[in-house]
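To start, the structure under review is shown below, and the notes come after it.
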Amino acid sequence: QMLAARSSASGVESVSSGRDSAWNWLLGLIAVYVVVFTAMNWRLWFNLRIPHGDSAMYEEHLWNLTHGKGFRSYLDQGLFLGEHIQVIHLLLLPLHWIWPSHLLLELCESTALAIGAIPVFRMAQRSTGSSRAGLLLAAAYLLYFPLHYLDIEVDLKTFRPESFCVPFFLFAFDALEQRRLRQMTVLLLIALSAKEDYSIIVAPLGVWIALQGYLGKLSGGTKDWQRILLGLGIAVFGVAYLILATRVVIPWFRGGAELHYVKYFSKFGNSMNEVVWNMLTKPSLLFGELATAGTLIYAFSMLLPIGFIALLSPSRLAVSLPLFGILCLNELAHDPRHHFHAPLVPVVFWATAIGLGNADRVGSRVSQMFSRVLLLPSTPPPLLPFARHFVWTSAFTTGLFLSMSPFGLSFWDANASTSLWQLYAHDPRADYLPEVLAHIPPTARVASTDFVHPRFTHHERSYDYSHYRRRIVGYEDKIPDDTDFIVIDTRHHYSDLKTPDQVRELKDHPDDWELFPDKTEGYFIVLRRRAHRH
-11 QMLAARSSAS GVESVSSGRD SAWNWLLGLI AVYVVVFTAM NWRLWFNLRI PHGDSAMYEE
49 HLWNLTHGKG FRSYLDQGLF LGEHIQVIHL LLLPLHWIWP SHLLLELCES TALAIGAIPV
109 FRMAQRSTGS SRAGLLLAAA YLLYFPLHYL DIEVDLKTFR PESFCVPFFL FAFDALEQRR
169 LRQMTVLLLI ALSAKEDYSI IVAPLGVWIA LQGYLGKLSG GTKDWQRILL GLGIAVFGVA
229 YLILATRVVI PWFRGGAELH YVKYFSKFGN SMNEVVWNML TKPSLLFGEL ATAGTLIYAF
289 SMLLPIGFIA LLSPSRLAVS LPLFGILCLN ELAHDPRHHF HAPLVPVVFW ATAIGLGNAD
349 RVGSRVSQMF SRVLLLPSTP PPLLPFARHF VWTSAFTTGL FLSMSPFGLS FWDANASTSL
409 WQLYAHDPRA DYLPEVLAHI PPTARVASTD FVHPRFTHHE RSYDYSHYRR RIVGYEDKIP
469 DDTDFIVIDT RHHYSDLKTP DQVRELKDHP DDWELFPDKT EGYFIVLRRR AHRH
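Next comes the structure, spelled out in structure tokens:
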């Protein structure tokens, strides 16, 4: 008995030690991801590579809100709620009050994405009964190249509030699998605050929960009315929220104007009502836009890096199908190199975590089917050991060719536009920026070109200087009349202005503007509005 007790205690200690070791490895992998991607994002910031629009403007939201200017960016008129019901980055306000910097937002985003590895690990560990399987899937998550593009998009937009939905959805799915329904509901609501159309994930999830309750899949074969009612409630809420957000709230903040992203579906109409009606009543048009090589490539881009293991839990993966279909119809979202696919990532890994646990059972069924057809004895080999390695090797291999990060070959290719030498080596533009900033007081209203624009978001106002016709100037090709300074970065890759004689304000209104003497060797052009005497 003593020997048995010692043996049992030794086994418990061994299991506990194995779990502790797996957690230590997991935290180490998360730390590596955070350090690598934060360093990349910060280097892009210091090199003046990060655009204001759809990136640094989110830090401007926080700055303006805490300085009495409202939840807005001066990129355009109106509060930001006229663009999206997107408020999740307001969770960063306490930290931003302590450290009001765009660098904080980059650190928080990379950390949030990396922390998503924790629920991935936990779901896979429970599903398979193996800490090693959980750790390998967590590693695959951190190597997953569509995740990397949420941290740094192909056009170098490095901060998106959409990214914060990933860990919240993953923790919600983890809570669901543990039957912690209240916790799941709260987490889903937080994830939904990342963007209004993420209700297209929430509503199908509600249907899935209701069906599982009706079929008794999670309650031993008996109907679970609590889950049925909760699921139906979530589904109805998701649909109602989407309608309310897109047809009432956002148009109200836009002064009744149509949603800006309707133009992404121009083949279906010019208004949201037209787009939805044509999708519902013209199946041939809808099918023709969906049944394309682009749709297949998009699906492969999301599933190949995890070895298609998500297909072993098809009902969970199906939760993402409505949003995936809409993204395939979106004329800007044909691949996972931007941000549109953010809510698909947690669904894919939820399905993959459970799919790993289904690997042996699926393998047994396939083996039995072939044995009946070929009249051979059925001796199915265990598939889990293969599947758990196939997942991380698939993520690693696809990342080698498709990731922009140091995990990808292009990062080390000196001739690639996204390489270490092209993006992260020192940019001399940054050396001359302090000379520019020294002439412009924080009380000024500054119009500047895109990549230097983020440096003026803490000034009185920061306007866009470009040929893009914005609502704030009545859609005319000009700057706001109250602009005090103009700053033009002549060397960024979109610049078409190289010398002062090309600047329209100096050509058209020379009496209104004075040119600062150039002390930046032509890297920047700085103009100040003259103070006219009456």
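Residues in the sequence shown are numbered from -11 upward in steps of one, following this note's numbering.
Cβ atoms here follow ideal geometry from the backbone N, Cα and C, with glycine treated the same way.
In this text, all values refer to a predicted model and were calculated from it rather than measured experimentally.
Would you say residue i and residue j are within 8 Å of each other, going by their C-beta atoms?
i: P331; j: I189; result: yes
i: V307; j: L36; result: no
i: A126; j: A160; result: no
i: L485; j: I513; result: yes
i: D162; j: S151; result: no
i: L50; j: H77; result: yes
i: L32; j: L101; result: no
i: S259; j: E246; result: yes
i: R43; j: F133; result: Checking the sequence, you will find Ser at residue 43 rather than Arg. No, Cβ-Cβ distance for S43 and F133 is not below 8 Å.
i: A182; j: P155; result: no
i: V475; j: V434; result: yes
i: P442; j: I38; result: yes
i: T445; j: E97; result: no
i: L175; j: R376; result: no
i: L130; j: F384; result: no
i: G244; j: I222; result: no
i: G226; j: S187; result: yes
Is residue i buried or exposed, if buried means 16 or more other CB atoms sit within 10 Å of its CB?
i: T54; result: exposed
i: F312; result: buried
i: F481; result: Before going on, a small fix: residue 481 reads as His here, not Phe. Its Cβ having fewer than 16 others within 10 Å, H481 is exposed.
i: R167; result: exposed
i: H447; result: buried
i: M(-10); result: Unreliable positioning characterises M(-10) in this predicted model, as indicated by a pLDDT of 48, which lies under 50. A coordinate reading is not provided.
i: A228; result: exposed
i: E502; result: exposed
i: F473; result: buried
i: E493; result: buried
i: G295; result: buried
i: V23; result: exposed
i: T437; result: buried
i: L284; result: exposed
i: I86; result: exposed
i: A19; result: exposed
i: S405; result: exposed
Taking the alpha helix (DSSP H) that residue i falls in, what are its first and last residues?
i: R114; result: 105 to 116
i: F156; result: 153 to 165
i: W380; result: 372 to 390
i: L79; result: Careful: L79 lies outside any alpha helix (DSSP H) and carries neither H nor E.
i: F241; result: 238 to 241
i: F596; result: Missing from the structure shown is residue 596; the chain here goes from -11 to 522 and no further.
i: L180; result: 169 to 180
i: H49; result: 45 to 54
i: N261; result: 260 to 269
i: L317; result: 309 to 317
i: T478; result: Looking at the DSSP string, T478 is not in any alpha helix (DSSP H), and its letter there is neither H nor E.
i: L284; result: 281 to 291
So what does DSSP say about residue i, is it helix, strand or coil?
i: H446; result: coil
i: E470; result: One detail in the question is off: residue 470 reads as Asp in this sequence, not Glu. DSSP places D470 in coil when its eight states are reduced to three.
i: D415; result: coil
i: W523; result: For residue 523 there is no data in the structure shown, the boundaries of the chain being -11 and 522.
i: R516; result: strand
i: V491; result: coil
i: I189; result: helix
i: D496; result: helix
i: D484; result: coil
i: I38; result: coil
i: D401; result: coil
i: Y229; result: helix
i: D452; result: strand
Got a sec, what are the start and stop residues for the beta strand (DSSP E) residue i sits in?
i: S436; result: 433 to 436
i: L503; result: 501 to 503
So, under 8 Å CB-CB, residue i and residue j are touching, yes? Tell me the CB distance rounded to an integer number of Å.
i: A418; j: F34; result: 6 Å
i: A339; j: R304; result: 4 Å
i: S407; j: F395; result: Actually they do not touch by this definition, with Cβ atoms about 14 Å apart.
i: G70; j: I238; result: 6 Å
i: H326; j: E464; result: The Cβ separation is near 29 Å, so there is no contact.
i: Y456; j: T471; result: Wrong, their Cβ atoms sit about 15 Å apart, outside the cutoff.
i: P334; j: F157; result: 4 Å
i: L92; j: L83; result: 6 Å
i: T116; j: L411; result: Not a contact, Cβ separation roughly 39 Å.
i: S393; j: M28; result: 7 Å
i: F253; j: L180; result: Rounded, the Cβ-Cβ distance is 22 Å, inconsistent with contact.
i: R518; j: D499; result: 7 Å
i: S382; j: P488; result: Incorrect: roughly 54 Å between the Cβ atoms, too far for contact.
With 8 Å set as the bound, which would you pick, yes or no: does the beta-carbon of residue i sit closer than that to a beta-carbon of chain D?
i: F156; result: Chain labels in this structure do not include chain D; a single protein chain is all it has.
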